[in-house]
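Engineer: I am attaching a structure below and will ask some questions about it afterwards.
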Amino acid sequence: MNNIKINNSLTGKKELFKPITPGHIGMYVCGPTVYNDVHLGNVRTFISFDVVYRYLIYLGYKVRYVRNITDVGHLLNDADSGEDKIAKQAKLLNKEPMEVVQYYTNGFHEVMRNYNNLSPSIEPSATGHIMEQIEMVQEIISNGLAYEVNGSVYFDVNKYNEHNPYGELSGRKIEDLLSNTRALDGQEEKRNPLDFAIWKAADESHIMQWNSPWGKGFPGWHLECSVMSTKYLGKTFDIHGGGMDLKFPHHECEIAQNVGAGGGHPVNYWMHGNMLTVNGQKMSKSAGNGFTPVQLKTGDHPLLEKGYSEMTIRFFMLQSHYGSTLDFSNDALNASEKGFEKLSKAYETLQSLTPSKENTVDIASLQQKCYDAMNDDFNTPILIAHLFDGVKMINSINNGKANIDEENLNKLKSIFNGFLFDVLGLKIEQNNTTSNDISNELMDVILEIRKEAKKTKNYALADHIRDNLSALNITIKDSKEKSTWEIN
RNA sequence: GACAAGAUGGCUGAACGGCUAAGGCAACAGACUGCAAACCUGUUUUGUGUAAGUUCGAAUCUCACUCUUGUCUCCA
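FYI, the numbering used here numbers position 46 of the first sequence as 651, with every residue one higher than the one before it.
Quick look at the structure:
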């Protein structure tokens, strides 16, 4: 079996991965809050963990992958006293909260599909687990780690910290946190500024609320992940993923809640994906520098020179390691577009290669390198570099400069199918030549005329066609068999 | 301010003490072409923020400095 190493954010070290139950893996990833469109930064995180999921499956593990939908409980303003995000958007749009939730959940799923992410095994929603959340609040209270004030329940961080290291994940010390706490409104109910709401009382103006032992209210944001991961993966599970920006306070609170409810430390390996930046700044909803997937596809954004396909973007993201920041720029995307084209073309060439008797390429070693790359903390950029070694082999064989026998050819095909498609989740995009709309038919006519002109050595006409099409942003690409075209 | 991550060639981005610092893009040359483009092949002498230290050996470890980013309030 393969030895996978994972950079564990809890310890800050690269550790050998050992599942709790051999052959089975439980993985939880914090999903989106469905109150508006996802942006590219969100997409990056989900692609990163999609590849983790895909690789573990590829190795033969049975993986239960849980990714939640947050549809309540995300407070908008400071100090746990603001409005619920979903409820606010519902008021603005004059819709039922669940209507908002459904709309953006659908949109999220569509984006995930377009980027070729696999569906998680379970995608639970916070509103579907209100009872379980109430139960966990009760457990925490009964363990003396939470207190109720005016119908709200707060987690007692100081008390927790007496026996447990609050801040262990993010490397913070409680004294530092205390000394740096800002004075905020709406904290008068808390005994300590670090305390956080696990249940929040709702007045009548709140349009999302449920009955509870403490009156009408709604669950705190951090609670749902603790509850749902426990319910579906057990009190301790293998991998917990999420964006770097969730490390504190969200994941820190999650640990505290699980421990506080008597479950012990919930996660063996914490994985955090790094941020996508734009001109060096974090892409975020609040900064307003986020591209929606649609804008990226069409290029309809001031910072974009043109549109890019989903697979170009997926490839672009996988060319960096999930733990590193990745800076988004037109140059970088153009480079990825070219690179992915080259890879796609080589894949098509691979299908047409014919085996020979002798063999001059080392496919076994290539395959081992691919596994090694992924085993080393899911190092997709290295894997891609090795696949480009494969591209060079494919082209050499195609040019007659190298030979491959049947056994190795089959192995090479399985490497590309396995790592390119199954693991990296890329797919070859079809050109516009297969569809049969009118412009394709017109272009066929034009290219046929040009072909005739070349045949009769009427180069003036052939060049005239090429130049005038070029003026329309249409590029003709000649090859030995036929000419193709594309719009720039 | 506290804590965390980081600074690698023209751009992007790997490496986690040990052969010529990966790969992609760009540039240049060749091959192909009627000529180009595309595809293919090859090449790209000064590149690891600054200054010290540990070591036989440092991009990698230690110290200082400069700068960047993130978290500390909702965010993947």
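Backbone N, C-alpha and C fix where the C-beta goes; we use that ideal spot for every residue, glycine too.
For H644, I'd like the list of residues in its chain whose CB is within less than 7 angstroms of its CB, leaving aside the five on either flank, ordered along the chain.
Structural biologist: On the first sequence, residue 644 is found 39 positions in, with the first residue counted as 1. Taken in chain order, the residues that qualify are M888, K890, G895, F896 and T897.
Engineer: Beta-carbon separation of M736 and T835 under 9 angstroms?
Structural biologist: On the first sequence, position 131 is the one that residue 736 refers to. On the first sequence, position 230 is the one that residue 835 refers to. No, the pair does not count as a contact, with Cβ atoms beyond the cut-off.
Engineer: Helix or strand or just coil, what does DSSP make of H811?
Structural biologist: The count along the first sequence starts at 1 and reaches residue 811 at position 206. The answer is coil: DSSP assigns H811 none of H, G, I, E or B.
Engineer: Evaluate Q862 with the Cβ neighbour count: other Cβ atoms within 10 Å of its Cβ, from every protein chain shown; 16 or more gives buried, anything less gives exposed.
Structural biologist: Indexing the first sequence from 1 puts residue 862 at position 257. It counts as buried.
Engineer: E740 bridges to which residues according to DSSP?
Structural biologist: As a first step, residue 740 must be located in the first sequence, where it is residue number 135. None, per the DSSP bridge assignment.
Engineer: Can we count K700 as close to the ligand MN, meaning its CB is less than 8 angstroms from some heavy atom?
Structural biologist: Inclusion of the ligand MN in the displayed structure is not the case, the ligand content being empty and no account of it being possible.
Engineer: In the structure shown, what three-state DSSP assignment does M880 receive?
Structural biologist: Numbered from 1 along the first sequence, position 275 holds the residue referred to as residue 880. Three-state DSSP puts M880 in coil, outside helix and strand.
Engineer: Checking 9 angstroms against the spacing of the C-beta atoms, do A692 and M813 come in under that value?
Structural biologist: Here residue 692 is taken as the residue at index 87 of the first sequence, counted from 1. Here residue 813 is taken as the residue at index 208 of the first sequence, counted from 1. Yes, Cβ-Cβ distance for A692 and M813 is below 9 angstroms.
Engineer: Select from H991, E715, P798 and Q694 the residue whose C-alpha is nearest the C-alpha of V705.
Structural biologist: What you label residue 705 is simply residue 100 of the first sequence in a count that begins at 1. Measuring from the Cα of V705, the nearest candidate turns out to be Q694.
Engineer: Does DSSP classify N763 as helix, strand or coil?
Structural biologist: Within the first sequence, residue 763 is the residue found at index 158, counting from 1. Three-state DSSP puts N763 in a helix.
Engineer: Pull up the DSSP beta-bridge partners for Y752, would you.
Structural biologist: For the purposes of this step, residue 752 is identified with residue 147 of the first sequence, where counting begins at 1. Looking at the DSSP assignment, Y752 forms a beta bridge with Y759.
Engineer: Within 8 angstroms, do at least three Cβ pairs link the segment 623-643 to the segment 1005-1013?
Structural biologist: Not touching, per the Cβ criterion.
Engineer: Quick one: what does DSSP say E715 is sitting in, helix, strand or coil?
Structural biologist: Locating residue 715 in the first sequence gives position 110, counting from the first residue. Helix.
Engineer: How far does the alpha helix (DSSP H) with I1051 in it extend, from its first residue to its last?
Structural biologist: Reading the first sequence from its first residue, position 446 is the one you call residue 1051. I1043 to K1060 is the extent of the alpha helix (DSSP H) around I1051.
Engineer: Bridge partners for A806 per DSSP, in chain order?
Structural biologist: The residue you call residue 806 lines up with position 201 of the first sequence. Its beta-bridge partners are G822.
Engineer: In the DSSP output, what is R669 paired with across the bridge?
Structural biologist: The count along the first sequence starts at 1 and reaches residue 669 at position 64. DSSP, once it has assigned bridges, lists G631 as partnering R669.
Engineer: Which word fits E857, buried or exposed, when buried means at least 16 other C-beta atoms lie within 10 angstroms of its C-beta?
Structural biologist: Residue mapping note: residue 857 aligns to position 252 of the first sequence, counting from 1. So E857 ends up on the buried side.
Engineer: Would you report the Cα separation of R796 and S757, rounded to the nearest angstrom?
Structural biologist: Counted from its first residue, the first sequence places residue 796 at position 191. Counted from its first residue, the first sequence places residue 757 at position 152. Approximately 12 angstroms between the Cα atoms of the pair.
Engineer: I need the straight-line Cα distance from V648 to E715, nearest angstrom please.
Structural biologist: Here the question's residue 648 lines up with position 43 in the first sequence. Here the question's residue 715 lines up with position 110 in the first sequence. Their backbone Cα atoms lie some 12 angstroms apart in a straight line.
Engineer: Taking all protein chains shown into account, decide if F654 is buried (16 or more other Cβ within 10 angstroms of its Cβ) or exposed.
Structural biologist: Stepping through the first sequence from its first residue, residue 654 is reached at position 49. Looking at its Cβ environment, which holds 16 or more other Cβ atoms inside 10 Å, F654 is buried.
Engineer: Between which two residues does the alpha helix (DSSP H) carrying D781 extend?
Structural biologist: Looking up residue 781 in the first sequence gives position 176. Start and end: I779 to S784.
Engineer: For E554, report the span of its alpha helix (DSSP H) as first-last.
Structural biologist: The structure shown does not extend to residue 554, since the chain spans only 606 to 1093, so no value can be given for it.
Engineer: Using the C-alpha atoms, what's the distance from K1016 back to L1066?
Structural biologist: What you label residue 1066 is simply residue 461 of the first sequence in a count that begins at 1. What you label residue 1016 is simply residue 411 of the first sequence in a count that begins at 1. Cα to Cα, the separation comes out at about 48 angstroms.
Engineer: Since A807 and G825 should fall inside the 8 angstroms C-beta cutoff, what is the C-beta to C-beta distance between them, to a whole number of angstroms?
Structural biologist: If you number the first sequence from 1, residue 807 lands on position 202. If you number the first sequence from 1, residue 825 lands on position 220. At roughly 12 angstroms, the Cβ-Cβ gap does not stay under 8 angstroms, so A807 and G825 are not in contact.
Engineer: Report all residues from its chain with a CB closer than 7 angstroms to the CB of E701; omit the five preceding and five following residues, and keep chain order.
Structural biologist: Reading the first sequence from its first residue, position 96 is the one you call residue 701. Same-chain partners within the cutoff: A695.
Engineer: The beta strand (DSSP E) with S1088 in it runs from where to where?
Structural biologist: The sequence position of residue 1088 within the first sequence is 483, counting from 1. Here the beta strand (DSSP E) through S1088 covers S1088 to I1092.
Engineer: Three or more C-beta pairs under 8 angstroms: does that hold for the segment 864-876 against the segment 900-916?
Structural biologist: Result no; under three Cβ-Cβ pairs closer than 8 angstroms.
Engineer: Using the C-alpha atoms, what's the distance from G749 back to N755?
Structural biologist: The residue labelled residue 755 in the question sits at position 150 within the first sequence. The residue labelled residue 749 in the question sits at position 144 within the first sequence. Cα to Cα, N755 sits roughly 18 angstroms from G749.
Engineer: Helix, strand or coil: which one does DSSP assign to I674?
Structural biologist: If you number the first sequence from 1, residue 674 lands on position 69. Of the three classes helix, strand and coil, the one that applies to I674 here is strand, per DSSP.
Engineer: Rounded to whole angstroms, what is the Cα-Cα separation between V832 and G631?
Structural biologist: Start at 1 with the first residue of the first sequence, and residue 832 comes out as number 227. Start at 1 with the first residue of the first sequence, and residue 631 comes out as number 26. Straight-line Cα distance between these residues: approximately 15 angstroms.
Engineer: Kindly indicate which three-state DSSP category D981 falls into: helix, strand or coil?
Structural biologist: In the first sequence, counting from the first residue as 1, residue 981 sits at position 376. DSSP places D981 in strand when its eight states are reduced to three.
Engineer: Hey, would you say V671 sits closer than 9 angstroms to S726, going by beta carbons?
Structural biologist: Walking along the first sequence from the start, residue 671 turns up at place 66. Walking along the first sequence from the start, residue 726 turns up at place 121. Yes, the pair counts as a contact, with Cβ atoms nearer than the cut-off.
Engineer: To the nearest angstrom, how far is it from the Cα of G822 to the Cα of K852?
Structural biologist: Residue numbering aside, residue 822 sits at position 217 when the first sequence is read from its first letter. Residue numbering aside, residue 852 sits at position 247 when the first sequence is read from its first letter. When rounded, the distance between both Cα atoms is 26 angstroms.
Engineer: Across the segment 940-951 and the segment 914-921, are there enough close Cβ pairs to call them in contact, namely three or more that are closer than 8 angstroms?
Structural biologist: Output reads yes: the segment 914-921 touches the segment 940-951.
Engineer: Using the rule of at least 16 other Cβ atoms within 10 Å of the residue's Cβ for burial, across every protein chain shown, is T732 buried or exposed?
Structural biologist: For this step, residue 732 is matched to residue 127 along the first sequence. Per the 10 Å Cβ criterion, buried.
Engineer: From what residue to what residue does the beta strand (DSSP E) around T1080 run?
Structural biologist: Counting from 1 along the first sequence, the entry for residue 1080 is found at position 475. I1079 to D1083 is the span of the beta strand (DSSP E), which, as asked, contains T1080.
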